[in-house]
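Heads up, the thing below is written out as structure tokens.
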Amino acid sequence: MKRSLTNVYFLMALACLLPLQTHAMHIGEGMLPAGWSIAWGVVCAPFIIYGFLNIQKRIHATPKVKILLAMCGAFAFVLSALKIPSVTGSCSHPTGVGLAAILFGPGITSVLGLIVLVFQALLLAHGGITTLGANTFSMAIAGPIVSWLVFRGLKKTNVSTAVSVFFAAALGDLATYVVTSIQLGVVYGGFGKFLAVFALTQVPLAIAEGLLTVVIFNILEKYSKSELKELAVV
Amino acid sequence: MKLWQKNLILIGLVILLAVIPLVVCQGAEFGGADGEAEGVIMELAPDYEPIFSPILEPASGEIESLLFALQAAIGSGIVFYCIGYMMGKNKKEG
């Protein structure tokens with residue numbers, strides 16, 4: 029026990045000493061060739077259109093859940109503004125879209141994620157307009173699909189809802205980074221390099237995102253149970 | 858366990874996750890990472906020229922942090938408004 033603890037400390041210290049070049053979440057403005065930028069935009073378009081139609085349908089069918097939708101968007105806004113230090117000695121931020129994916133599914137979530145990304149790209153020079161397609165795909169589509177699948181999968185087992193929410197949000201967050209590594213890897217090569225750095229930086233952040241999503245979910249479960257039932261979440 | 862106790866523990870864990878790296882990696886820069894991402898790309902593809910540059914770049918680190926703080930403030934304002942709304946409604950109905 030003691031020995032393994034020492035090993036963990038050693039590994040952590042080693043991780044800090046390695047001259048790692050790490051990145052945060054999004055692919056920066058202009059960092060993908062034009063062809064790739066356009067291609068990712070085209071890939072995202074159907075998801076976004078489906079998401080928009082889905083929002084209308086959802087609100088029409090169950091107007092009561094509008095408040096939850098607002099809350100999911102706002103939650104993603106808060107979490108993606110929090111740059112948190114990680115064990116690799118650099119900072120990154122959670123995505124915050126896991127909650128929306130759990131409650132509303134990946135279609136609607138893609139629209140919420142897109143809104144956050146546009147805000148950050150236009151005002152904060154974080155991410156970018158040319159890379160909006162690629163970033164939307166990783167953060168607003170791929171991550172939420174993973175979250176949603178994990179949540180729906182775990183719900184069928186005996187695992188408690190809180191635990192399902194935790195794993196759904198955390199794994200969705202990690203998946204976003206894996207997809208970003210792939211997106212950069214196919215263009216520049218060195219997928220393993222991108223991935224090693226990404227995964228390591230993001231692991232504690234993914235856990236933080238999982239925990240924070242459970243915090244909000246606990247509150248919703250207590251005060252908004254009927255809406256959650258309408259969404260077939262509980 | 859009461860709801861607030863459970864959530865307090867969870868939030869405590871999140872804070873711990875953020876503090877541990879600061880203690881363990883004391884020499885580190887904790888730089889914002891996107892800039893460094895571009896460093897990796899430049900290393901792998903030295904000839905690459907970014908096809909576009911940001912339309913609007915925050916004038917300084919201070920202004921950038923202002924915008925990030927605003928983003929978090931607006932978001933948490935809405936989140937807590939919604940929580941308050943739900944609690945009020947719950948009380949009325951329950």
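Heads up: the protein sequence lines correspond to chains A and B, in order. Using my numbering, read the first sequence as starting at 29 and increasing by one per residue. Using my numbering, read the second sequence as starting at 858 and increasing by one per residue. The beta-carbon is built from N, C-alpha and C at its ideal position, and this holds for glycine as well.
{"Asked": "Answer yes or no: do Ile935/B and Phe105/A have a C-beta to C-beta separation smaller than 9 Å?", "Found": "yes"}
{"Asked": "If you drop the 5 nearest sequence neighbours on each side, which residues of the same chain put their C-beta closer than 6 Å to that of Ala62/A?", "Found": "none"}
{"Asked": "By a C-beta neighbour count over all protein chains shown, 10 Å radius and 16 as the cutoff for buried, is Met858/B buried or exposed?", "Found": "exposed"}
{"Asked": "Which value, in whole angstroms, describes the spacing of the CA atoms of Asn82/A and Ala260/A?", "Found": "16 Å"}
{"Asked": "Pick out whichever of Thr159/A, Gly126/A and Val187/A has its Cα sitting closest to the Cα of Ile66/A.", "Found": "Thr159/A"}
{"Asked": "Going along chain B, which residues have a C-beta under 8 Å from Ser114/A?", "Found": "Pro878"}
{"Asked": "Which one or two residues does DSSP pair with Gly888/B in a beta bridge?", "Found": "Ser118/A"}
{"Asked": "Per DSSP, Ile898/B forms a beta bridge with which residues?", "Found": "Bridge partners of Ile898/B: none, in fact."}
{"Asked": "Cα-Cα, which of Trp64/A, Pro113/A and Thr90/A is closest to Gly888/B?", "Found": "Pro113/A"}
{"Asked": "Give the straight-line distance between the Cα atoms of Leu256/A and Ile247/A, rounded to the nearest whole angstrom.", "Found": "11 Å"}
{"Asked": "May I ask you to report which of helix, strand or coil DSSP gives Pro91/A?", "Found": "helix"}
{"Asked": "Mind checking Ile868/B: buried by the 16 CB within 10 Å criterion, or exposed?", "Found": "exposed"}
{"Asked": "I'd like to check one pair, Ser933/B with Ala102/A: are the Cβ atoms closer than 9 Å?", "Found": "yes"}
{"Asked": "Determine, for Gly888/B, whether the minimum Cβ-Cβ distance to residues of chain A falls below 9 Å.", "Found": "yes"}
{"Asked": "Measure the CB-CB distance between Leu199/A and Ala234/A and report whether it falls below 9 Å.", "Found": "yes"}
{"Asked": "If we count the other Cβ atoms within 10 Å of its Cβ and call it buried at 16 or more, is Ser910/B buried or exposed?", "Found": "exposed"}
{"Asked": "Which complete beta strand (DSSP E) runs does the segment 194 to 240 of chain A hold, if anything under 3 residues is left out?", "Found": "none"}
{"Asked": "What in chain B is Cβ-close to Thr158/A, meaning under 8 Å?", "Found": "Ile908 and Phe909"}
{"Asked": "Please report the distance separating the alpha-carbon of Gly918/B from that of Gly945/B.", "Found": "40 Å"}
{"Asked": "Once you ignore the five residues that flank Phe179/A on each side, which residues in its own chain have a CB closer than 6 Å to its CB?", "Found": "Ile130, Ser192 and Ala196"}
{"Asked": "Consult DSSP for Pro61/A and reduce its assignment to one of helix, strand or coil.", "Found": "coil"}
{"Asked": "To which residues of the same chain is His51/A closer than 6 Å at the C-beta, ignoring the five residues directly before and after it?", "Found": "A caution first: His51/A carries a pLDDT of 40, below 50, which makes its placement in the model too unreliable to give a value."}
{"Asked": "Compare the beta carbon distance of Ala190/A and Val242/A with 9 Å and say whether it is the shorter of the two.", "Found": "yes"}
{"Asked": "Using only alpha-carbon positions, find the residue among Asn163/A, Gly217/A and Leu127/A that is nearest to Cys72/A.", "Found": "Asn163/A"}
{"Asked": "Hey, out of Leu873/B, Tyr938/B, Tyr942/B and Leu924/B, whose CA is closest to Ala149/A's CA?", "Found": "Leu924/B"}
{"Asked": "DSSP three-state call for Pro341/A: helix, strand or coil?", "Found": "No statement about residue 341/A is possible, as the shown extent of chain A runs from 29 to 262 and does not include it."}
{"Asked": "How long is the line joining the alpha carbons of Ala153/A and Val139/A, rounded to whole angstroms?", "Found": "20 Å"}
{"Asked": "Kindly indicate the opening and closing residues of the alpha helix (DSSP H) around Phe165/A.", "Found": "Note, Phe165/A: premise wrong, no alpha helix (DSSP H); not H, not E."}
{"Asked": "Where do the ends of the alpha helix (DSSP H) carrying Ser922/B lie?", "Found": "Gly918 to Glu950"}
{"Asked": "What's the gap between the Cα of Ile866/B and the Cα of Ala875/B?", "Found": "14 Å"}
{"Asked": "Return the residue from the list Tyr78/A, Lys221/A and Phe132/A that minimises the CA-CA distance to Ser175/A.", "Found": "Phe132/A"}
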